[in-house]
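The structure appears below as structure tokens.
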Amino acid sequence: LGVLPSSVEFCCFFDYQSLSPRFVGDSQLRIAPLHSLIRSIASSAKGRMPVAVITGASSGIGRATSILFAQKKYQLSLTGRNETALAEVVDRCVEAGLAKEDITVTAGDLSASTTCDNIVRNTLSRFGRIDSLVNAAGILTAGAVLDSPLEQYDRVFDTNVRSLVQLTRAALPHIITAKGTVVNVSSINGPCPFPNVTYYCMSKSAVDQFTKCLALEMAPHGVRVNAVCPGVTVTNLHKRAGQDEATYAAFLEKSKTTHALGRPGEADEVAKAILFLAGPDSTFTTGDLLRVDGGRGIMHPR
């Protein structure tokens, strides 16, 4: 904790309510909060658990990834915009066997400049480290270019690209220390063009290039950076983009003919690929864009 002159007499005791050590010396009481250190010591005593930050955790692929990582005994820092949905995900993670004290939540809009810093700060305060970052947050908007204002373009890129880069930059120094991993959730729409979702396709192409370039930059530091590229996956993404129930049902039915495996994917199937890239089973994989698309890419443009 530091070196004190030999002439200083002091003692230390722990306030177990605040998890803060209190040092008494020279007739003065000094309080030094060391939450992350104490938690790290406690974690080491029971076998250190890896720490994962997961964005978009309140729904879809991010939600499924959070629950799977809980089953695999990751300590979790979850973020999303919907606090009620996040609370439900926390409950599911606890049901999966993770202690509630092994989960921290930061609600907020990632496009806000302060949210990313808050996520990193809260994670370090709670767990003292970051081993993996899963960038699963994203939005989809529909419309032809001539009918889609630039404000829509800005919204897509702020969420799908800028906030992803911003959070990654904030977390990277700590991921480097842990020699950890970054996994970005991209899309088959990155390499494959589709009409009426141009801004979304552009944003996912940007995520793909960011993944590969960052993998080259981080390789000397022992940090691996990869992405998953899902095909059509059963989530609320398309409904939030404006599809009603009937339109969405028809879209899923059509997906049976546009995917080689004859069906759309499930969020937990993508989550398993994310777990593989984030964990120790992929130690010689970096800069990869892993397609979890049921063969959608090889069928395109059929």
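Heads up, the sequence shown is in full-length UniProt numbering, so the first residue is 1 and it goes up one at a time. Cβ atoms here follow ideal geometry from the backbone N, Cα and C, with glycine treated the same way. Predicted model, so just to flag it, every value in this text is computed and none were measured.
Inter-residue Cα distance where the pair is residue i and residue j
i: T177; j: R129; result: 8 Å
i: L164; j: P220; result: 22 Å
i: F194; j: G279; result: 32 Å
i: Y200; j: T104; result: 30 Å
i: A171; j: P264; result: 33 Å
i: H300; j: A99; result: 44 Å
i: L150; j: P230; result: 26 Å
i: Q71; j: V134; result: 16 Å
i: R240; j: L140; result: 8 Å
i: S282; j: F276; result: 6 Å
i: Y248; j: A273; result: 25 Å
i: P173; j: A85; result: 30 Å
i: L261; j: D268; result: 16 Å
i: I298; j: N196; result: 21 Å
i: G180; j: G222; result: 7 Å
i: G138; j: T65; result: 14 Å
i: G294; j: T198; result: 22 Å
i: I188; j: A87; result: 30 Å
i: A107; j: V94; result: 18 Å
i: E217; j: F127; result: 26 Å
i: H259; j: I61; result: 19 Å
i: G242; j: V234; result: 15 Å
i: A142; j: Y153; result: 11 Å
i: V161; j: E266; result: 24 Å
i: M202; j: G190; result: 7 Å
i: residue 341; j: R63; result: The chain is shown from 1 up to 302; residue 341 falls before or after that span and cannot be answered.
i: R291; j: E83; result: 31 Å
i: V51; j: D244; result: 38 Å
i: V182; j: I54; result: 10 Å
i: S113; j: V120; result: 13 Å
Residue i classed as buried or exposed, judged by whether at least 16 other C-beta atoms fall within 10 angstroms
i: I175; result: buried
i: C116; result: buried
i: S125; result: exposed
i: A246; result: exposed
i: residue 315; result: Given a span of 1 to 302 for the chain in the structure shown, any question on residue 315 remains unanswerable.
i: S132; result: buried
i: T257; result: exposed
i: F284; result: exposed
i: L146; result: exposed
i: S58; result: buried
i: D91; result: exposed
i: D102; result: buried
i: S111; result: buried
i: A144; result: exposed
i: S27; result: The pLDDT assigned to S27 is 38, lower than 50, so where the model puts this residue is not dependable, and the model offers no usable value.
Boundaries (first-last residue) of the beta strand (DSSP E) holding residue i
i: N135; result: 132–135
i: N196; result: Taken as a continuous stretch (DSSP letters only), N196 belongs to no beta strand (DSSP E), as it is neither H nor E.
i: V51; result: 51–54
Cβ distance (whole Å) where residue i is taken to contact residue j below 8 Å
i: S186; j: A227; result: 4 Å
i: R224; j: T168; result: Between T168 and R224 the Cβ distance is about 13 Å, and since that is not below 8 Å, they are no contact.
i: S77; j: N118; result: With a Cβ gap of about 11 Å, S77 and N118 do not count as contacting.
i: D208; j: L289; result: 6 Å
i: G97; j: G80; result: Actually they are not in contact, since the Cβ atoms of G97 and G80 sit about 21 Å apart, beyond 8 Å.
i: S255; j: V270; result: No, S255 and V270 are not in contact; Cβ-Cβ is about 15 Å, not under 8 Å.
i: T211; j: N236; result: About 25 Å; that fails the 8 Å criterion.
Endpoints, the alpha helix (DSSP H) within which residue i is located
i: L110; result: Careful: L110 lies outside any alpha helix (DSSP H) and carries neither H nor E.
The ligand GTP heavy atom lying under 7 Å from the CB of residue i
i: V234; result: With respect to small molecules bound, the structure shown includes none, and the ligand GTP cannot be examined in it.
Which full runs of the alpha helix (DSSP H) of 4+ residues lie inside the segment 215–296, going along the chain? Whole alpha helix (DSSP H) segments, 4+ residues: 237–240, 245–258, 267–278.
Counting only runs of 3+ residues fully inside the segment 59–104, write out the beta strand (DSSP E) ranges in chain order. The segment 59–104 contains, as complete beta strand (DSSP E) runs of 3+ residues, the segments 75–80 (chain order).
Identify every run of the alpha helix (DSSP H) within the segment 153–194, keeping only runs that are complete inside it and at least 4 residues long; order them along the chain. 163–178
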